[in-house]
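Chains as they are written, first to last, in the working numbering: chain Y, 29 to 466; chain X, 1001 to 1317.
First the structure, in the form of structure tokens, and then the observations on it.
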């Protein structure tokens, strides 16, 4: 982990509804941090407190963790960098983010990881966890030195954006990563079946004459990974699952005892391929937006535990890169600063999922998946990473206010309900809505 | 009053039947114009039409160029081979430059679906889609339906069989929209690999049995089979395609005697249609080309704010 230094003083967060899924807590009580760690409130006298935050009417959650972020550094600091990306995270309520390794050059060596760690230590305002590539240069040919990567600090390996196509290489990656205890995360995409595809293959791609990226191309690799996880007894985490079939394959594999988990993004849970009908490239992402039926299946998967992790796949791109013909535009949207609003509105207010269930997938589940010690919960001894959320706050997304360098969001101008209002990392407030310029 | 209120012609999907009929009405008059000794009217005098063809085209480009010239517009042609695209300029920058040069119309042919809508949303001048990827080719559908109307006196109730490479065809999509809006019955026919079932959701029938569909068709609309598809594993060989979906004299014998044979061109003789049928009495393929000119004149005229003229005198003044 790389990030800001913890605060030294005593912080008391008073009177909020504390929801700590890992510890089964959902009650109004105080949370107290000393020296950047959670302590038992009973042991600290009120008079000894340096800072008090009045959290009455707010939800006090363990600091949110985004397991899927593209920081674009090194390579494309015009899109995002460690400073802007982590400020965007803080503004969205995330206290820890997991950076994907598809940078330029890709994060496939210990020296690349060391550089990124140093960069994060100098510039990040939230905790940054790094991942490394599965294959050298993300070329899908040779394994990366995973043991060195782990020693340099990565928490997982993934070829996100460039799924390993060779099943033998993937088998060896599972075996090798299993030996050194590194989780494998996979961007599930069969490149032959999805070749040329720019949106979900279906009614809308057919009507618009745009090349389709079919659900089967994702499900084929999820199936492969489930079989490899079973065969090698190692864990695989399927990133950004988008299809009903994918949810079913993961559910069935879990029932057989396979070590597999799934992740869903705010956009795949709320938008469909119909959104691309005006060729707006802010609805172009990889994997693509699917159908209403797929959304229902994803929500069901969240509800029954098949999908354990919510993550944004924050993918910044410059406006001029996105403002081109649909087929020519890069895939992806920014997500850090809208995730809480989109997820709470869709899953909690609309679908009636309990907050505890949603927050679990943004806190303890990603922390467990990636072995992030002392993260994702508010038990005594945990890092004092805390997010204050106003679940009823109504607001309108304004991309001009983004802390991210990029503005490629499909939600500009959208009314949302639910917002992070304070973000605390290591006992220090790193973002406060009340202090944001109107 | 004209029902045409549009700045652009980007798709048939977003047009209504009355707008299509108004194009047909105007095209009738312009067809009279192009049959006269002096084939020119002053309707667009002082206006500038830019033909921006970022994908190769002969027939459509010449048709638009001639249409604009017949309307007395100044015409500039930009082809991809000699344009700034080769220097990496974006489409948006290119068209904004054209606008800065005070173009009144941009006619765009582009390989990317949605390219015409993309520039239409960013330009103040009129944009005409001359084919965007596999999305739409609206003037083709307007000339196709104009031709059917001229030959049959009506569109409503006609059974139109569109056969061949449907999946990659912008012509098929625009024709499906135009024909269904005008009340025709559309049947699509081709191999499963080039004709996914999802087309049914556009309100048409989907069939993979050419011989079964031919006898009922009032119009047989053949699409060009693109050889490069074979490399994309879409079908095993041209020979096998011909066996299943080629229009031959034997197959023609089972058709209605007055069935129209249509094709957007260019034809692959001996593939989707035999040479003799392409040149035979049922074929109206060359009339489609002539009508294309009249229809494109009509479109320019209506986009320029005109109302469908009833006589040549109205536009020749």
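For every residue, glycine included, the Cβ atom is placed at its ideal position computed from N, Cα and C.
None of the values given here were measured: they were computed from a predicted structure.
Item, Value
"Cα-Cα separation, residue 1232(X) to residue 202(Y)", "33 angstroms"
"Identity of the residue in 413(Y), 435(Y) and 376(Y) nearest residue 450(Y) by Cα", "413(Y)"
"C-beta atoms of residue 87(Y) and residue 419(Y) nearer than 8 angstroms", "yes"
"Whole-Å CB distance - residue 1218(X) paired with residue 1160(X), under 8 angstroms assumed", "7 angstroms"
"Short CB-CB distance (under 8 angstroms) between residue 234(Y) and chain X", "yes"
"Proximal chain X residues relative to residue 225(Y), where beta-carbon distance stays under 9 angstroms", "Simply none; closest approach about 13 angstroms."
"Same chain, Cβ closer than 6 angstroms to residue 452(Y), neighbours up to 5 away in sequence not counted", "414"
"With 16 other Cβ atoms within 10 Å as the buried cut-off, status of residue 7(Y)", "No statement about residue 7(Y) is possible, as the shown extent of chain Y runs from 29 to 466 and does not include it."
"Backbone secondary structure at residue 1022(X) - three-state DSSP", "helix"
"Bridge partner(s) assigned by DSSP for residue 1297(X)", "Residue 1297(X) is not bridged to any residue."
"8 angstroms Cβ cutoff, residue 1127(X) in contact with chain Y", "no"
"Contacting residues, own chain, Cβ-Cβ under 7 angstroms from residue 163(Y) (five flanking each side not counted)", "169, 170, 171, 172, 187, 192 and 197"
"is_contact[residue 1090(X), chain Y] using C-beta, thresh 8 angstroms", "yes"
"Cβ pair count under 8 angstroms reaching 3, the region 319-333 of chain Y against the region 292-303 of chain Y", "yes"
"Contact under 8 angstroms by Cβ, residue 353(Y) with residue 1168(X)", "no"
"Segment contact flag, the region 1086-1104 of chain X with the region 1173-1192 of chain X, C-beta cutoff 8 angstroms, min 3 pairs", "no"
"Whether residue 445(Y) touches residue 422(Y) by CB criterion (8 angstroms)", "yes"
"Sheet register partners of residue 1120(X) (DSSP bridge)", "Note: residue 1120(X) sits in no beta bridge, so no partner."
"Where residue 48(Y) sits in the DSSP three-state scheme", "strand"
"Members of the region 271-302 of chain Y near chain X, C-beta cut-off 7 angstroms", "none"
"Beta strand (DSSP E) runs contained entirely in the region 326-377 of chain Y, provided each spans 3 or more residues", "335-338"
"Residue 1146(X) versus residue 1024(X) - alpha carbon distance", "6 angstroms"
"Inter-residue CB distance, residue 1016(X) and residue 1120(X) (contact presumed, cutoff 8 angstroms)", "Contact doesn't hold; Cβ gap of about 18 angstroms is too wide."
"Residues in the region 363-379 of chain Y having any Cβ partner in chain X nearer than 8 angstroms", "none"
"Residue 1154(X) versus 1144(X), 1071(X) and 1163(X), residue with shortest Cα-Cα distance", "1144(X)"
"8 angstroms Cβ cut-off: residues of chain Y touching residue 1198(X)", "230, 231 and 234"
"Sub-8 angstroms separation of residue 285(Y) and residue 269(Y) beta-carbons", "no"
"Where residue 265(Y) falls, given that 16 or more other Cβ within 10 Å makes a residue buried", "buried"
"Beta-carbon proximity check, residue 1126(X) vs residue 1104(X), cutoff 8 angstroms", "yes"
"Chain-ordered neighbours of residue 1201(X) on chain Y, where CB pairs are closer than 7 angstroms", "231"
"As assigned by DSSP and simplified to three states, the class of residue 947(X)", "No statement about residue 947(X) is possible, as the shown extent of chain X runs from 1001 to 1317 and does not include it."
"Close Cβ partners of residue 1171(X) (< 6 angstroms) along its chain, the five nearest in sequence each way excluded", "1137, 1140 and 1264"
"Per-residue contacts from residue 1118(X) into chain Y (C-beta, under 7 angstroms)", "307 and 353"
"Euclidean distance between Cα positions of residue 157(Y) and residue 117(Y)", "13 angstroms"
"Contact with chain Y by residue 1170(X), beta-carbon distance below 8 angstroms", "yes"
"Contact set for residue 350(Y): own chain, Cβ-Cβ below 6 angstroms, skip 5 residues either direction", "309, 357 and 436"
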